[in-house]
Amino acid sequence: MNKNQKPPFKQNAIALGFTLGVHAIAIVGLLFLGLSKPPEQPKKLTTILVKPEDLPPPLAKEVEQQTTAENQAEEVLSPIVDENVPQNIPAVPVPPPPPTAQHLVAQKQKAEQAKLAEEKRKAEEAAKAKQAAEQQRLEEAQKQQAEAKRQAEAKAAKVEAEQKRKAEAKTKHEQSEARKAAEEAKRKAEADAKLKREAENAKLQAQQEAKRKAEAEAKAKHEARKAAEDAKRKAAEDAKVKQQKVAEEAKRKAEADAKAQKQKAAEEAKHKAEADAKAQKQKAAEDARRKAEIEAEEKAASAKKAQEEAAQKKGEAKKIASSAKRDFEQKIRRAWDVPTGSSGKTVSVRFTLSDSGSVSSIVITRSSGDDALDASIKAAIQASAPYPMPSDPDARREARSVTSTFRAQ
Numbered sequence: 002m003n004k005n006q007k008p009p010f011k012q013n014a015i016a017l018g019f020t021l022g023v024h025a026i027a028i029v030g031l032l033f034l035g036l037s038k039p040p041e042q043p044k045k046l047t048t049i050l051v052k053p054e055d056l057p058p059p060l061a062k063e064v065e066q067q068t069t070a071e072n073q074a075e076e077v078l079s080p081i082v083d084e085n086v087p088q089n090i091p092a093v094p095v096p097p098p099p100p101t102a103q104h105l106v107a108q109k110q111k112a113e114q115a116k117l118a119e120e121k122r123k124a125e126e127a128a129k130a131k132q133a134a135e136q137q138r139l140e141e142a143q144k145q146q147a148e149a150k151r152q153a154e155a156k157a158a159k160v161e162a163e164q165k166r167k168a169e170a171k172t173k174h175e176q177s178e179a180r181k182a183a184e185e186a187k188r189k190a191e192a193d194a195k196l197k198r199e200a201e202n203a204k205l206q207a208q209q210e211a212k213r214k215a216e217a218e219a220k221a222k223h224e225a226r227k228a229a230e231d232a233k234r235k236a237a238e239d240a241k242v243k244q245q246k247v248a249e250e251a252k253r254k255a256e257a258d259a260k261a262q263k264q265k266a267a268e269e270a271k272h273k274a275e276a277d278a279k280a281q282k283q284k285a286a287e288d289a290r291r292k293a294e295i296e297a298e299e300k301a302a303s304a305k306k307a308q309e310e311a312a313q314k315k316g317e318a319k320k321i322a323s324s325a326k327r328d329f330e331q332k333i334r335r336a337w338d339v340p341t342g343s344s345g346k347t348v349s350v351r352f353t354l355s356d357s358g359s360v361s362s363i364v365i366t367r368s369s370g371d372d373a374l375d376a377s378i379k380a381a382i383q384a385s386a387p388y389p390m391p392s393d394p395d396a397r398r399e400a401r402s403v404t405s406t407f408r409a410q
């Protein structure tokens with residue numbers, strides 16, 4: 002027999018081991034193919050960062066399946082021992098079992114879950130950042146828009162005020178003393194006289210309050226000085242009485258202790274009553290002085306407040322009347338049927354209204370030289386009546402007389 006040729010029993014063992022290994026690999030492959038899901042279409046993956054503590058714990062079922070699969074693989078790969086074959090045959094090296102299908106699927110799912118969680122977190126953070134940026138941009142845009150609107154309104158108000166000032170200055174310059182109405186002069190004189198009377202009354206009232214306050218202060222000082230003098234005199238009298246009392250008590254001490262104690266009690270009661278009366282008198286005088294001062298201050302403050310409120314009310318009435326007059330002029334312009342060929346001509350008119358807004362009188366203060374144009378403005382004034390008069394009496398009185406200049410367009 003050739004030395005390199007192995008015994009028959011060793012060749013049979015090697016063949017048997019090789020056969021078992023091939024079968025084990027085939028079984029594992031069949032298990033993998035049987036348990037695997039059919040291939041799916043590739044999905045779009047989103048990367049999400051997941052912290053280790055956010056990952057769910059591995060399922061016990063997967064561990065059991067993995068253990069069962071490994072045990073089955075070990076059973077398949079375990080060589081079958083033939084009792085007829087000697088036991089001292091060297092073992093055929095078996096490769097380690099490959100990862101089971103369940104284990105691979107679990108690892109793949111875990112990786113995908115971690116990736117999805119990370120992508121979700123990043124997407125949420127990006128969405129939050131984008132939302133915050135958009136919110137900040139909107140707020141900034143709103144602020145800029147509000148500021149632009151405020152500046153535009155301020156500029157428009159300034160331009161309007163300047164135009165109004167120029168128009169009023171021009172109108173005042175163009176007007177002459179001859180065109181001033183007797184009614185306007187009388188109204189102004191009455192208003193000035195009323196203001197003068199109110200100022201004189203307020204001044205007289207303030208002087209009277211100041212005089213009364215000074216008299217009250219002088220009276221309080223006199224009463225305080227008198228009270229101090231009375232206290233000083235009373236103290237001197239008390240000292241004298243006390244000295245006399247000491248002498249009398251020394252003289253009467255020998256006569257009877259009971260009588261001396263009785264007299265002493267009577268003197269102390271008298272002294273206490275006088276002191277109480279004095280304290281009450283001083284307190285009453287001080288209370289009266291303080292009360293007089295407070296009343297004087299309150300009356301002065303009330304007078305000042307009434308004067309300020311009257312001035313403020315008058316200013317507000319003029320402002321309301323001016324606004325109403327502008328509305329009247331706009332209403333007239335809308336109703337004005339300008340005659341043909343009158344473009345560029347101007348006519349000045351003054352008209353008075355009743356409290357209900359009806360037209361009382363119309364006077365052309367400066368004619369345009371065109372009778373038709375003058376008549377058309379009068380007709381427009383009549384057609385626009387009644388005018389919406391202010392509800393405030395002072396403002397309504399101011400708005401009853403309107404002087405305006407109209408230019409034909």
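The numbering of the sequence shown is this note's numbering, which starts it at 2 and goes up by one. Using N, Cα and C, we set each Cβ at its ideal position, and we do this for glycine too.
| query | result |
| --- | --- |
| Simplified DSSP assignment, three categories, for residue 341 | coil |
| Reduced DSSP secondary structure (H/G/I, E/B, other) of residue 101 | coil |
| Within 8 Å, strictly: CB atoms of residue 404 and residue 367 | no |
| Cα-Cα separation, residue 135 to residue 144 | 14 Å |
| C-alpha distance - residue 407 paired with residue 182, whole-angstrom precision | 19 Å |
| Where residue 401 sits in the DSSP three-state scheme | coil |
| Check whether residue 336 and residue 373 have beta carbons under 8 Å apart | no |
| Through-space distance from residue 29 to residue 79, alpha-carbon basis | For residue 79, the predicted model reports a pLDDT of 46, less than 50, meaning its position is unreliable and no value from the coordinates is stated. |
| contact_flag[the stretch 355-363, the stretch 280-290] where n(CB pairs < 8 Å) is 3 or more | no |
| Pick from 19, 220 and 159 that is closest to residue 292, judged by C-alpha positions | 220 |
| Collapsed DSSP secondary structure at residue 362 in the structure displayed | strand |
| Alpha-carbon spacing of residue 250 relative to residue 229, whole angstroms | 30 Å |
| Separation of residue 99 from residue 115, as counted between CA atoms | 24 Å |
| Reference residue 342, options 269, 410 and 169, closest by Cα | 410 |
| Cut-off 7 Å between Cβ atoms - residues of its own chain near residue 203, not counting five sequence neighbours on either side | 304 and 308 |
| Simplified DSSP assignment, three categories, for residue 324 | helix |
| Sub-8 Å separation of residue 279 and residue 232 beta-carbons | yes |
| Top-ranked residue by Cα proximity to residue 207, from 26, 179, 302 and 253 | 302 |
| Residue 303 at chain B interface by Cβ criterion, 8 Å | You won't find chain B in this structure, because it holds only one protein chain. |
| C-beta contact flag for residue 369 and residue 346 at 8 Å | yes |
| CA-to-CA distance, residue 218 to residue 252, given in whole angstroms | 50 Å |
| Residue 347 - partner residues in DSSP beta bridges | 408 |
| Straight-line Cα distance separating residue 147 from residue 339 | 41 Å |
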